[in-house]
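Peer 1: Taken in sequence, the protein lines are chains A and B.
Sequence positions in the first sequence follow the working numbering and run -1 to 348.
Sequence positions in the second sequence follow the working numbering and run 18 to 314.
Every residue gets a Cβ at the ideal spot worked out from N, C-alpha and C, and that includes glycine.
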Amino acid sequence: MSKNTFLYSGLIILGLAGAFIFPAYKLQMSFLYILIVLAMTWDVQGGQMGYNTFGNILFFGVGMYVASSTQIAMFFSLAEWTDAGGEKTFVHTIPQFFQGFGVGILLAGIIPTIIAGVIGYGILGLRGHYFAICTLALGIAAGEIAGGIEIIGAGQGMTVPVWPKGFGTNASSSQFMYYLSFGLAVVTFITLKWAYSTRFGLVLNAIRDNEDKAEAMGIHTMRYKIIGWMVSAFFVGIAGGLMGHINGYIEPTEIAFAGPTFGVFMVLMAILGGKGTLWGPLVGAVLFHLFKEGFWTYFLGWQYVALGVLIIVIVVYFPEGLMGWLREKYPERFGEVIDEADRKAQVELK
Amino acid sequence: MDFLIFQAPMLMVQASMDGILLGILFALIAYGMALQWGVMNIINIAQGELVIMGGYIAYFMYLSGIHPAFGVIVSPIIMYFVGWGMYKLVINKVVDKDLFTSILATFGISILAQQLMNFAFGADVVVAQSNFGTTLLFDNTVTLPNAKIFSGAVCVISAIILVIYMRKSKLGRAIRATAQNARAAKILGVDTEKVYAATFGINAALCGIAGACIAITFTLHPYTGLPYTVRSFMIVIIAGLGNLPAVAISGMGLGIFEEWADYLLGTEFRIAAVFSLLVLILVYRRFKLSRKREYLK
Chain A
-1 MSKNTFLYSG LIILGLAGAF IFPAYKLQMS FLYILIVLAM TWDVQGGQMG
49 YNTFGNILFF GVGMYVASST QIAMFFSLAE WTDAGGEKTF VHTIPQFFQG
99 FGVGILLAGI IPTIIAGVIG YGILGLRGHY FAICTLALGI AAGEIAGGIE
149 IIGAGQGMTV PVWPKGFGTN ASSSQFMYYL SFGLAVVTFI TLKWAYSTRF
199 GLVLNAIRDN EDKAEAMGIH TMRYKIIGWM VSAFFVGIAG GLMGHINGYI
249 EPTEIAFAGP TFGVFMVLMA ILGGKGTLWG PLVGAVLFHL FKEGFWTYFL
299 GWQYVALGVL IIVIVVYFPE GLMGWLREKY PERFGEVIDE ADRKAQVELK
Chain B
18 MDFLIFQAPM LMVQASMDGI LLGILFALIA YGMALQWGVM NIINIAQGEL
68 VIMGGYIAYF MYLSGIHPAF GVIVSPIIMY FVGWGMYKLV INKVVDKDLF
118 TSILATFGIS ILAQQLMNFA FGADVVVAQS NFGTTLLFDN TVTLPNAKIF
168 SGAVCVISAI ILVIYMRKSK LGRAIRATAQ NARAAKILGV DTEKVYAATF
218 GINAALCGIA GACIAITFTL HPYTGLPYTV RSFMIVIIAG LGNLPAVAIS
268 GMGLGIFEEW ADYLLGTEFR IAAVFSLLVL ILVYRRFKLS RKREYLK
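1. Please classify residue 267 of chain A as buried or exposed, where buried requires at least 16 neighbouring CB atoms within 10 angstroms.
2. If you measure between the beta carbons of residue 349 of chain A and residue 234 of chain A, is that distance less than 8 Å?
3. So the candidates are A/342, A/124, A/278; which of them puts its Cα closest to the Cα of residue 220 of chain A?
4. So with CB distances below 8 Å, who are the chain A contacts of residue 126 of chain B?
5. If we call anything under 8 Å between Cβ atoms a contact, is residue 229 of chain B one with residue 130 of chain B?
6. Between the region 254 to 278 of chain B and chain A, which residues of the former have a C-beta closer than 7 Å to a C-beta of the latter?
7. Return helix, strand or coil for residue 248 of chain A, following the three-state DSSP convention.
8. Residue 151 of chain B bridges to which residues according to DSSP?
9. For residue 143 of chain B, name the three-state secondary structure that DSSP assigns.
10. Identify the contact partners of residue 132 of chain B in chain A, using a Cβ-Cβ distance below 7 Å as the criterion.
11. Identify the residues that DSSP records as bridge partners of residue 264 of chain A: which are they?
12. Keeping to the same chain, check which residues put their C-beta closer than 8 Å to that of residue 126 of chain B; ignore five residues upstream and five downstream.
13. For residue 157 of chain A, name the three-state secondary structure that DSSP assigns.
14. With 8 Å set as the bound, which would you pick, yes or no: does the beta-carbon of residue 200 of chain B sit closer than that to a beta-carbon of chain A?
15. How big is the Cα-Cα spacing for residue 56 of chain A and residue 148 of chain A?
16. Specify whether the region 264 to 272 of chain B and the region 153 to 164 of chain A touch according to this definition: at least 3 beta carbon pairs, one from each stretch, less than 8 Å apart.
17. Hey, could you find the ends of the alpha helix (DSSP H) residue 208 of chain A is sitting in?
18. Output the boundary residues of the alpha helix (DSSP H) element that contains residue 253 of chain A.
19. Looking at residue 232 of chain B and residue 75 of chain B, is the spacing between their C-beta atoms short of 8 Å?
20. Below 8 Å, how does it come out for the region 312 to 326 of chain A and the region 110 to 119 of chain B: are there three or more Cβ pairs, yes or no?
21. Would you call the CB atoms of residue 198 of chain A and residue 13 of chain A closer than 8 Å?
22. Hey, quick one: how far does the alpha helix (DSSP H) through residue 211 of chain B stretch, first residue to last?
23. Could you tell me the alpha carbon to alpha carbon distance between residue 290 of chain A and residue 237 of chain B, rounded to whole angstroms?
24. Give a yes or no on whether the minimum CB-CB distance between residue 51 of chain B and chain A is below 8 Å.
25. Which whole-angstrom value is the C-beta distance of residue 295 of chain B and residue 247 of chain B, which I expect to be below 8 Å?
26. Could you check how far apart the C-beta atoms of residue 412 of chain A and residue 50 of chain A are, in whole angstroms? I think they sit under 8 Å.
27. How close, in whole Å, do the beta carbons of residue 85 of chain B and residue 145 of chain B come, if the pair is a contact with beta carbons under 8 Å?
28. Check whether the Cβ atoms of residue 171 of chain B and residue 128 of chain B sit closer than 8 Å, and answer yes or no.
29. Pull up the distance between the alpha-carbon of residue 171 of chain A and that of residue 92 of chain A, whole angstroms please.
30. Comparing the C-beta of residue 288 of chain B with each C-beta of chain A, is any distance below 8 Å?
31. Taking CB distances under 8 Å as the criterion, tell me whether residue 221 of chain B reaches chain A.
32. In terms of DSSP beta bridges, what is residue 295 of chain B paired with?
33. Taking residue 192 of chain B and residue 212 of chain B to be in contact with their CB atoms under 8 Å, please state how far apart those CB atoms are, rounded to whole angstroms.
34. Can you give the beta carbon distance from residue 138 of chain A to residue 63 of chain A, rounded, assuming they're within the 8 Å contact cut?
35. Closest to residue 173 of chain B by CA distance: which of B/57, B/242, B/268 is it?
36. Just to confirm my understanding: we take residue 178 of chain A, look at its own chain, exclude 5 residues before and 5 after, and list those with CB closer than 7 Å. What are they?
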């Protein structure tokens, strides 16, 4: 236990001090925390529940649009804002900015949660590959529809309110976002760690292992599936809202509903780290982010080739992920008891 | 907007004709997908990329001075080997794993293929001019490019050839046997590995034909593959595996739906309409099946 306390406090101190130790990498690290949230919430469906979704990107995009639109619409006309296209400037005052920001981020969590609850009943009834393809289509359809709606800037996208002048120093904007995204990652981790230790986590695993049997045992699987999706949607929506501010600009298909980038990243990160484990997605997100930044910086132009190859290699040769591999190697560290006689018998059978 | 259908009824006839010719193309792609889904239990997300790749072969012929219509002969031959290589490199390792693995692996292939095509042919929208002229119908109110009629005919002919091949030839019999029961086929001496490779190759060849038709009738762009995958998936789940007439009909239905959506909602919502329709169909199917399940209870 003491080892764990040491680990957790070490990570938290590292996260809190990170903004001062690596001031030049604040933006990168905020991205990392957002990616961690995405990977961990994907794992609620993909790893723990066995429902491989490509559609969590929907909540990401909705959260992003909701947060910024609310912040703008509370004080200005949204249509004028998106029409202006930089020619006319609207400036939030300091209290306006923070009021709008708070309400926006809150709504960015709530609205995707409601959407997940409403569409969940229809979509979570699908199984296997039908679910995967349906959610893939859902994310892309949302992006295409958002690209056709005038009031949120259509295909051009919209700008996000800028940090109010005269509040703090130049660096305080990125510092603010850094700590918010770090806080979000910590809250997500704690919530999921707690949720996995309760009956809820057990039910999710039961659904993954055999849904029909779980239903026969008297579990209302649909209810748990929807709640699981709503939890994911809440955190992903807030992550989207923060991401809009970190990025400073929202565009429907490349940033908000970015199926081919973020939508795939979250799946890949979880699988890379080991899906179905608490730490796997986190470790996977860190590794993936390092890989991605390295490639995007030094081999620009080849990054999607590398991404494609990486997906194939991970899925084909490394489907268990890092944590799965460690688990196989050191099962006792994961609290699993191995019956030596049984193991020997299995080896002989092979 | 809603009244466009009454203001210009001839436009809707035009849209329907376009839709049918487009739908035949979709049906051919979907038939390839049904084939590999039925035989290997694999959903190939890179299906659309195979189509676009086939199209670029025809475009490449056009660039080097050969008439692009010959692409419908050359491109399936090249694509057969592309599909065969793809099977040998990646797909044979995911055949016996769960479906999601194959979806994700082919998704990786699709990203890779998009980017490689982008390097090879550039990110411009291209079209191979066929100079086939147009046909005018109904007092010159409906225009049909001859290229579209040509491509529709090519698709129908190749589908018929394929059906006969699957019925009569030895390989066709082996493929059907493997689809029914891979293990039993193996026991009876069918080399399933070879059959899988051939199936994937035939699927890629079908995509090649469709792609060459798309090159002369529509436009090509490295990143427009995914809608073709989604359309063929949609057609397959409506029509079911291995039901060719149903595949043809639902392909045409989808083509008509798409052209109508294009006219009535506006072009910017065309792709959105396709993807939303898929979601609606799947959700409808889920409720239909769950009613059946309750009835059984």
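Peer 2: Concretely, from the data shown:
1. buried
2. The displayed coordinates of chain A run from -1 to 348. Any statement about residue 349 of chain A would go beyond what the structure contains.
3. A/124
4. 306, 310
5. no
6. none
7. strand
8. B/162
9. strand
10. 302, 303, 306
11. In DSSP, residue 264 of chain A forms no bridge with anything.
12. 62, 63, 66, 103, 107
13. strand
14. no
15. 19 Å
16. no
17. No alpha helix (DSSP H) contains residue 208 of chain A, which DSSP labels as neither H nor E.
18. Premise fails: residue 253 of chain A is in no alpha helix (DSSP H) and is neither H nor E.
19. yes
20. yes
21. no
22. 209 to 234
23. 29 Å
24. no
25. 6 Å
26. Residue 412 of chain A lies beyond the stretch modelled for chain A, which goes from -1 to 348, so this question has no answer here.
27. 4 Å
28. no
29. 12 Å
30. yes
31. no
32. DSSP lists no partner for residue 295 of chain B.
33. 6 Å
34. Not really, about 16 Å apart at Cβ, beyond 8 Å.
35. B/268
36. 240
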